[in-house]
Every structure is written in structure tokens, then in C-alpha cells.
Amino acid sequence: MNDSSKIFFLLCLCFQLLHAQSKEIQFLSGTDSEHTKEWDFWITGGRKSGNWDKIKVPSQWEQQGFGSYNYGRDYVTYGKNFKFNDEVGVYKHKFQVPSSWKGKSINIVFEGSMTDTEVKINGKLAGEIHQGAFYEFKYDISDKLNFGKENILEVKVSKMSADKSVNNAERLADYWILGGIFRPVYLEATPKENILSTSIDAKADGTFRSNIHLKGIESANNLKVELFDAKNILIGESQVKIDKGDTLKQIQFSVKNPKFWTAETPNLYKAKFTLKKNKKEIFQTEEKFGFRTIEIRKGDGIYINGTKIKMKGINRHVWWPETGRAVSKNIDLMDVQLIKEMNMNAVRCSHYPPNKSFLKICDSLGLYVLDELAGWQKKYSTEVGKKLVREMVTRDANHPSIIFWSNGNEGGHNFDLDKEFAKYDLSNRPVIHAHHKPGNAFNGIDCNHYEDYYSTKKILEGENIYMPTEFLHAQDDGGGGTSLADYWELHWNSKKGAGGFIWAFADEGLVRTDFNNQIDVNAINAPDGVVGPHREKEGSFYAIREIYSPVKIDLKTLPNDFNGTIPVENRYHFTNLNECQFEWKLIKFKTPFSSESGFDVIQKGKAESPNIKPTEKGNINLNLPSNWKESKGLMLTATDSFGKEIYTWTWKINYNDDISKQFSKTLTKEFSVSVIENDSLFILKSDEKEFSFGKKDGLLKSVILDKKGKKITFRNGPVFANGKTELSSIKSFAEGQNQVIQISYKDGKKAVWKLNPNGILELNYEYSLSGDYQFAGVSFDYPENYVISAKWLGKGPYHVWKNRTQGQTYNVWQNLKNSTRTGFSPWIYPEFKGYYDDVSWLQLDTAEGKITIGTKEEKMFVRLFDFYGIYGAEGYPKLPSGNISFLDAIPSLGTVLAFNINDKTESLGPESELNNLNGTFKRTLYFYFGLPDLGDENKQFTMPKENILTD
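Put into C-alpha cells, the structure is as follows:
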């Protein structure tokens, strides 16, 4: 043997010796949905049944083209004669184990299989059939293996359980019902003497306790625990003597000044557990953990490390459209990052424990987790439930992110299981009941679902802490961020308000392999996320992000005496704002006829981070340059201590009247203006343009751009949104170089059209209202089919509702026309249609040319075409007449949960009430049709005398 061979041999030996002391893993399946292995597969029913084939593992067999689909609420949809597809899948896989494993304790581990799972190794049963889909289970197969030879694994998986309580808990549910081995399968080999599991309780005072479950203790006589910080520096250790036959030992000691784990400061430590025989290490295992103390102070609140916290949470299904509940670490990471991007601090694992990688990421990035035993609205039997609680808690007990155990959902609570959790959780986390009916508070916490604003207020006046585990159901475009601001203020300012968990994170859209891979949300049942199936962001995503921002800034517009000082509130629980960074930018917005959208940065700088403690208020001083008013806009970006953006606020510096004057100055060419009339029309003319107005109603009837009669079909306005208008008088006259048409209506409304020499057509209108209204303003008509895109200076890029204006920032936005209905294919966001906030000017690019519309007054909403926020048998809320509207008030949006529509938005809080409008409202709109001649003499082409498509 040469020297290099000897070195290689010694390295391999050292490697084996090192790993002989710890658990060795051999995957039989792939590691996740992105890394699979093929096994042999046979299925009893549905597609591709009755023949052996190949299947990827882990996976859901429906997504591999096998079997048939069911949604969990099909039993409700189709009634008492309905039966779920009850396929049985049979898996076979050949594998080898190394001869070096002989004499070790070897388990086969299944992290998740739907549902009843029978396992055979070389024709021998590994153990009793496992029942329960979402739980890790294992069998000791040491005596069933052929070492160094081929082994045969056979797994029979029944989609429906033989235990009715399992079907009731897991299958009768408001989610997709799938089958198969959907999480990894692997072998784990340990020495015969080993540590089965540990349960850690690490408190904020530095106390560390652990229950250490032992197996096969014969010669080992010492158990050592060492604690290491993030830099792998030893911070504490202890050891305890063990004796032959010991199965449980507890170690307790303390460390000084540990860094706490919270969602804001996810400080992790490592515990190394070592079994020793005298000085020889027999077995070693490691666990990540965090020092933190959870308290429920009844009648007060939820405390972490002595500080009251409030949950900014959301419900999350384990889900990906192509693979169902078989997911990957990348998907888990993406979801945690998206939840944190919304400035949330909590997630509820609805309605079952997630895969392990998700919890590890919550530990490391910082989210409070509610880990839930399955039981959608029906419960497990006590016999089955006890086994599943043990499996769930044993697997998850050491994750510091888990703050609560949830014993089922909405009636799926088996009270006999409440005390089971603490048997396996040394830290004795609180157990809650996530319920949908009043009177089900547990452990001092009321989790009642889907209360409105006023019933929430009443609950908060009661004896219990209130933490709704579901609220503001985000079906279609409703719920989610809509009316959230009022709910959040209620919880933030209430002693017993603990925040809550919005339903839900993602639309549960499934790629249907039986329908040409279309994505199916099962009609009204599953489009209830604030992101789409592939995590496409809805408007609610950004509204939540601003509402839940821990840096709270309420400044809507810059005051006339603005001096660079901005009031701010610190809504962190543990973080001083001096740990954040603040950067300002002075910007110049792109203009209407620019080929670009967005802005140019003129100047930027850093603001001094203010010393504002958690929950306190203060000011940020930007220290802007003296010439800051020469810019068009101000941006402020807050960044957290990890370098992640918290939120960016924008303010315009110029008023709309100034912006309109700047627009007029760009139109340098002027032409004489005239008026002609006939029996039915007044016609205003300038150069080649003509604008016709009806004498009977005062409405714009047509727009002609040139001598050839080229039209832009913008017409039939202004139609007032409220009341019926009847013409009182109409007349035309000259006003200097301008031509005017003045219209009066019998109910006092007025409209004045004015054509200017520079080609701008002005509309001045006024109306009076007294009372409550959904919307107010004026509308026009334009063929939606002709629209290509829209560009606007205003809030965006998403549409808004009266009770969801948050999350949209001031900029020049551009959006290609689409017909997206929120929550449904093709999930193209932002939606093109809707109400847009604080618009200074809008430019529609159409097949007929450009239409530019602006306003001289502040705070104008623009409505683009026909759309609805929530859908039942019809859409809600109702729309103004016409299809393009310029509004002073817009409607609020209600909520929908399956068939249950709440379009009485007043129940959702002050922001959701009707618009109370009293007085006279005036606005000036200015229109420019086509492209202006900006005096560029460098012509690229000669316009043809005839266009065969249009002339």
C-alpha cells in the first residue's frame, strides 16, 4: 500500500469512527419534493390502476398521475351518498445496508404518509399499521435486514383510514385530500446503546433542563451535556451518572446572561449530548434550542421573557401546486421569508404539524409558531390521538419557535388529550383550543374565529385573553389586509388583545394532472390566501406589510411647515429603533409622455436612528438639505438590524395643481379654439381635434383627433355617481382664448367644459351630498377591449378599497392590461382593474392612441373598468355607472367564507363604514387626447396618406 492509499484509508477510518458515535442516515427516498427517487408502484383504483409503474418518492400519487382527486368538503358538496376515493397504493423498493451496520440499532423512519401505512421488510411486518398522515413514525428493523445484501421494502398505503376518527379528523376538512408517501423515508443507525430523544426546557433566566430518553444501556456509565453559543464557544456543561437499564435521565444547570430567543432576536444555542463509558464516547447527538420563557398571565396577556407580545400571525398550509403537501426546504424558506416580509411575527401550522425543515427555519429566522394536532372539525379517538400527540411533541419539543400546542381545530378537540402534550414537553408549553364558537376559551385564552370588529371589542372587555386563531378570511380579494388596520389597533391598544392569525397564507390551488395541468382552487373553497399558489403577491400582502410594520409612521401628506421631522411609534416588542437604519431619498418622478415609469434619485442620505424604546413614540429627524423642496418626492426606507427592509414610505412634495401646471408647460404649441353647433351638439374645435357634447344631457359624445376622422372612443360623461341628473340649462361662450360649455342640472349639479389653445380639455364639476354613500364622483365610458396599458402618478401598483388603502406607495406606476380575478388563474398581479388611490394623473395607452387625464385637486380615486372584490352568486360591492370613474370616495370591501358573504362592511370597523359625505364637492379634470407635438424636427418617417386598416 502506497503512502497516499494509507492516508486515504486512515481518513476513511477516522470518518467512520467519528460517525460511529452519532446517528447515521441512509435515505431510501429522496430528501424532499425537489430531490426524489423512483420506486415501483401499483394502485388499486383511478388512473393508471392495476399495473406496476414507477413513482417518485416523496410525492402525492395524484400529482404523479395516479388515482383520483377529492376535496375534503366533497362530503358536504355532494351529500350523504358521497364516498371519497379510497385507493390503496403499494410501493416496492430494493436497497442495501452496509455490513458495518451489523450489530447496530436500525430504524426505518417515515416522516409522513397518507394515511394508513403498513411496512414490510423482506416480507416481514415491521410493526403495527400506522394511522395518521402528518406524523413521523419509525420501526426498529434491526432483526429483519440482510447486511451487505439486497433488501426489499414493501409499503401499503391506504388513502382513507380504517379508523373512522382518523378520517373524521384529517379527511373531513376544508382542504385537498391526497394520498401517498409525501415526506422522506430513511434508515437511521445508532449503537445499541443510544439516546432515543431529548426534551429541552431552557428559560430566560439561564436555567437549562433536559429529559434524556435512553435505550439499551448496558455499559455506558456517564451522560454529558455541553452547551455552545452561535460561535461554537462552550458556555456551560454538566454530567450525570447512569446505570444499566436506565431509560430516562434529567440534567439541570444554569448559564449566565444567555442571549434570549424571540421572533425579533432568534438567538440559537447548541446542546451536545454524549453517552460515555468511562472516557470512551459511545454515542453523541446534538439539538438546537433557544433560551426563552413563555407565560400566560390570565386576564392580562401572553409574555415572552417577561415582555407582553401580540401575535401578527397567519395560517399556513404545507403546499405547492405541482406537488401538494410534498414540499422542499426551499419552499419552507420562501414561505418564512414572505411571512416575515409582511412584518408578521407568527404562524399557525394549520391544520397539522409541518415538515421539520419549516420549524428549523422558524427557529433561525424568528417566527412564533402554533403547532397543531390535526382535527379540522372532528377529533381523533383517544387511543389514536395519544399516539399522535406523542409522535408530534417528541419530534417538535425542542424548537424554541413553538409557543403553543393546539389540540385540534374548530371542534376537533379531544379533551382527553389536553394533558398528553406535557408528558413529552418538559417546557410544558400552553395548550390552546382553536375554536369557531363562543364559550370555548381554554387556559385563559379565547381563540374564537371570525368575530367582527364590534364583537371583538366586546370579547376584549371580558375576562379572557383574546387571540383569534382565524380571522379576516382572505377569500377572493376580501379579508386579509382589508379592514385589518382597525382590528390591529383594537388588539394593540387592548390589555387582553393578543393579536391573531389571518386566514390564510396561500391560495390552495392544485395542478390537476387529470385536467391538462390546470390549477384548481375548487371554486369558492380554496382561493383564500394573501398570496397565490406559486406565492404571487396580492394587494393584501402589501397592506399587511404596512399595517404590521414595527416602525409605525402615520404621516399621510407632508404639511406646509414640514421641516424633516417625522413622528414615529416603535411597535417592536424587544427592539429599540436605534438598532434600525433609516435612509431618505429625494426623487423626481417620470412625466406622462416619458417612455419610462418610476423616478430618478436626486439626492439621498442617512437619518440618525432615533433612540425610541419598544412601544414608545418619538421622532425621526431626516436632516434634509435646504433645497429639498426643489425635488418632486420624498422616500424613507426603514431597515432592520438584519439588513431586511421593513417598509418604504413615499410622499409627493408638489400639489396636484402644481403638477397640472407643469404638464401644461410641456404643451408648447397653441392653436385657435372655436365652437360650432347643430340641433343636437356643441362641437369644440382646436387645430384638427373636435370634441362633441350633447345639448340634451351635456355629456361628451365623441373625440376626433385629426382631419381623417380618427376617433378616441372616450365618451358618455360626466355621469354623476349619485342621484339622477336632469339638464336645466346648457350654453356655450368664449372666455378669452378658450371656448366654454356651461351646464347646469335641476338638482344643483354643475359641469363646465373648457377647451384651451394648447389642446387641454378641462372639466370643472361640482355636486352636493348629504348622507352615507358607497362612492361619489363622475364616470365615463371607454371600450375596455381597446386598452393596452395604464401609467399613472399616484399610489400603487395595486388597487385599493376604502378599508385597504395601506401598502401602496406614491410613484409613477405602469401596468399592462389584464383581467385577473383575485384568487384565480392566471394569478397575474397587480390586477389591472380596480380603484386606484391618490392619482395625480393617469395615462391610458390604447389601440386608438393615448388618453391623459389629471386633476388639479388632491386625493382623487380612479376606477378602471368592471371588477368585484368578492363573489357569490353575484359580485360585490356594486360599481358606479360607466367604466372609468374619477371619484372622491370609494366603497369598502367585505369578507366571504365559502357561501357566507358579509357585504355589510360597517361591522368590520370604522374604516369599513360607508362614506359620510356632507357638503359641496368640486373638482377639475384635464384631458389630453393623443401625443403632443413637442417640436422635435428629427422625424423618423413620413406618415402614409392612407392606412388600409383604419382609414
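Using our numbering, read the sequence shown as starting at 12 and increasing by one per residue.
Backbone N, C-alpha and C fix where the C-beta goes; we use that ideal spot for every residue, glycine too.
**OP:** Decide if Gly644 is buried, meaning its Cβ has at least 16 other Cβ atoms within 10 Å, or exposed.
**Re:** One-based indexing of the sequence shown puts residue 644 at position 633. Buried, since its Cβ has 16 or more Cβ neighbours within 10 Å.
**OP:** Give me the Cα-Cα distance between Val907 and Ala537, rounded to the nearest whole angstrom.
**Re:** In the sequence shown, residue 907 corresponds to position 896, counting from 1. In the sequence shown, residue 537 corresponds to position 526, counting from 1. For Val907 and Ala537, the gap between their C-alpha atoms comes out near 12 Å.
**OP:** Ignoring anything shorter than 3 residues or poking outside the stretch 305 to 387, list the beta strand (DSSP E) runs there in chain order.
**Re:** Fully enclosed beta strand (DSSP E) runs of 3 or longer: 305 to 308, 312 to 315, 318 to 320, 322 to 327, 357 to 360 and 379 to 384.
**OP:** Return the CA-CA distance between Ile752 and Ser896, expressed in angstroms with no decimal places.
**Re:** Against the sequence shown, residue 752 aligns to sequence position 741. Against the sequence shown, residue 896 aligns to sequence position 885. Cα-Cα distance, rounded: 21 Å.
**OP:** Hey, could you find the ends of the beta strand (DSSP E) Met646 is sitting in?
**Re:** Along the sequence shown, read from residue 1 onward, the residue named residue 646 stands at position 635. Under the DSSP assignment, Met646 falls in the beta strand (DSSP E) whose first and last residues are Gly644 to Thr650.
Subject >> Coil, strand or helix - Arg8 by DSSP >> reply: Only positions 12 to 962 of the chain appear in this structure, which leaves residue 8 out of reach.
Original post:
Residues in its own chain within less than 8 Å of Cys25 by CB, not counting five upstream and five downstream?
Top reply: As a first step, residue 25 is located in the sequence shown; it is residue number 14 there, counting from the start. A caution first: Cys25 carries a pLDDT of 41, below 50, which makes its placement in the model unreliable, though a value can still be read off. If we look at Cys25 and ignore the five residues flanking it on each side, it has no Cβ neighbours.
Original post:
Whose C-beta lies closer than 6 Å to the C-beta of Gly138 among residues of the same chain, with five residues either side of it excluded?
Top reply: Residue mapping note: residue 138 aligns to position 127 of the sequence shown, counting from 1. Excluding positions up to five away in sequence, the list reads Tyr150.
Original post:
Going by the CB atoms, is the gap between Gly489 and Gly905 shorter than 7 Å?
Top reply: Position 894 of the sequence shown, counted from the start, is the residue given in the question as residue 905. Position 478 of the sequence shown, counted from the start, is the residue given in the question as residue 489. In contact: Gly905 and Gly489 (Cβ atoms closer than 7 Å).
Original post:
Can you give the Cα-Cα distance for Asn929 and Asp708, rounded to whole angstroms?
Top reply: Within the sequence shown, numbered from 1, the residue matching residue 929 stands at position 918. Within the sequence shown, numbered from 1, the residue matching residue 708 stands at position 697. In a straight line, the C-alpha of Asn929 is about 26 Å away from that of Asp708.
Original post:
Buried or exposed: Leu647, going by 16 or more other Cβ atoms within 10 Å of its Cβ?
Top reply: Residue 647 sits at position 636 when you count from the first residue of the sequence shown. Its Cβ being crowded by 16 or more others within 10 Å, Leu647 is buried.
Subject >> 3-residue-minimum beta strand (DSSP E) runs that sit fully inside the stretch 791 to 824, ordered along the chain >> reply: 798 to 807
Subject >> DSSP bridge partner residues for Ile912 (one or two, in chain order) >> reply: In the sequence shown, residue 912 corresponds to position 901, counting from 1. BP columns for Ile912 point to Val907.
Subject >> Ala354, buried or exposed, once every other Cβ within 10 Å from all chains shown has been counted against 16 >> reply: Looking up residue 354 in the sequence shown gives position 343. Here residue 354 is Asn; the residue named in the question, Ala, does not match the sequence. So Asn354 counts as buried.
Subject >> For Cys360, the nearest candidate out of Lys390, Ser830, Glu402 and Ser412 (CA to CA) >> reply: Here residue 360 refers to the residue found at position 349 of the sequence shown. Cys360 has its Cα closest to that of Ser412, out of Lys390, Ser830, Glu402 and Ser412.
Original post:
Is Val684 closer than 7 Å to Ser697 when the C-beta atoms are compared?
Top reply: Translated into positions along the sequence shown, residue 697 becomes position 686. Translated into positions along the sequence shown, residue 684 becomes position 673. Contact flag set, yes.
Original post:
What number of angstroms, rounded off, separates the C-alpha of Arg523 from the C-alpha of Leu259?
Top reply: Residue mapping note: residue 523 aligns to position 512 of the sequence shown, counting from 1. Residue mapping note: residue 259 aligns to position 248 of the sequence shown, counting from 1. Near 49 Å, if we compare the C-alpha coordinates of Leu259 and Arg523.
**OP:** Report buried or exposed for Gly893, applying the criterion of at least 16 other Cβ atoms within 10 angstroms of its Cβ.
**Re:** As a first step, residue 893 is located in the sequence shown; it is residue number 882 there, counting from the start. Flag for Gly893 reads buried.
**OP:** Within its chain, find whatever has a CB closer than 8 Å to the CB of Ser116; leave out the 5 residues flanking it on each side and keep chain order.
**Re:** In the sequence shown, the residue the question calls residue 116 occupies position 105. Non-local beta-carbon contacts of Ser116 in its own chain, meaning distances under 8 Å to residues more than five positions away in sequence, involve Asp151, Ser153, Ala200, Thr201, Pro202, Lys203, Asn205, Lys226 and Gly227 in chain order.
Original post:
If you follow the beta strand (DSSP E) that Gln750 is part of, which residue opens it and which one closes it?
Top reply: As a working mapping, residue 750 is identified with position 739 in the sequence shown. Unbroken beta strand (DSSP E) run through Gln750: Asn749 to Tyr756.
Subject >> For Asn96, the nearest candidate out of Phe284, Leu936, Leu349 and Gly190 (CA to CA) >> reply: Translated into positions along the sequence shown, residue 96 becomes position 85. Checking every option, the nearest Cα to that of Asn96 belongs to Gly190.
Subject >> At least 3 beta-carbon pairs within less than 8 Å: the stretch 565 to 573 vs the stretch 362 to 381 >> reply: no
Subject >> Residues near Arg401 by beta carbon distance below 8 Å, same chain, minus five either side >> reply: Residue 401 sits at position 390 when you count from the first residue of the sequence shown. Excluding residues within five positions, the ones whose Cβ falls inside 8 Å are Glu431, Lys434 and Tyr435.
Subject >> Segment contact flag, the stretch 263 to 270 with the stretch 212 to 219, C-beta cutoff 8 Å, min 3 pairs >> reply: yes
**OP:** With Arg84 as the anchor, note down where its alpha helix (DSSP H) starts and where it stops.
**Re:** The sequence position of residue 84 within the sequence shown is 73, counting from 1. It is not in any alpha helix (DSSP H) - Arg84 carries neither H nor E in the DSSP assignment.
Original post:
Among Asp427, Asn454 and Asn634, which one has its Cα closest to the Cα of Arg440?
Top reply: Position 429 of the sequence shown, counting from 1, holds the residue named residue 440. Nearest option by C-alpha distance: Asn454.
Original post:
Quick one, which of His584, Asn630, Asp429 and Gln486 has its alpha-carbon nearest Thr318's?
Top reply: In the sequence shown, the residue the question calls residue 318 occupies position 307. Minimum Cα distance to Thr318 is reached at His584.
Original post:
The alpha helix (DSSP H) with Gly550 in it runs from where to where?
Top reply: Sequence index remark: in the sequence shown, residue 550 carries index 539 (1-based). Segment Gly550 to Ile558, the alpha helix (DSSP H) holding Gly550.
Subject >> Endpoints, beta strand (DSSP E) assigned at Ile443 >> reply: For the purposes of this step, residue 443 is identified with residue 432 of the sequence shown, where counting begins at 1. Counted as a single uninterrupted DSSP element, the beta strand (DSSP E) harbouring Ile443 occupies residues Val442 to Ala445.
Subject >> Extent of the continuous beta strand (DSSP E) run through Leu7 >> reply: Residue 7 lies beyond the range of the chain shown here (12 to 962); nothing can be said about it.
Original post:
Where does the unbroken beta strand (DSSP E) through Ser249 begin, and where does it stop?
Top reply: Numbered from 1 along the sequence shown, position 238 holds the residue referred to as residue 249. Its beta strand (DSSP E) spans residues Leu245 to Lys252.
Original post:
Fully enclosed by the stretch 453 to 506, which beta strand (DSSP E) runs are 3 residues long or longer?
Top reply: none
Subject >> Inter-residue Cα distance where the pair is Gln75 and Gly83 >> reply: Start at 1 with the first residue of the sequence shown, and residue 75 comes out as number 64. Start at 1 with the first residue of the sequence shown, and residue 83 comes out as number 72. Cα-Cα distance, rounded: 20 Å.
Subject >> Complete runs of the beta strand (DSSP E) confined to the stretch 257 to 299 [at least 3 residues] >> reply: Complete beta strand (DSSP E) runs here, min 3: 259 to 265 and 280 to 288.
**OP:** Buried or exposed for Asn689, please, with buried defined as at least 16 other CB atoms from any protein chain shown within 10 angstroms of its CB.
**Re:** As a working note, residue 689 is residue 678 in the sequence shown. It is exposed - the Cβ of Asn689 has fewer than 16 other Cβ atoms within 10 Å.
**OP:** Scan the stretch 499 to 546 and note each continuous beta strand (DSSP E) run of 3 residues or more that stays entirely inside, going in chain order.
**Re:** List check, beta strand (DSSP E) in window: 510 to 513, 521 to 523 and 529 to 531.
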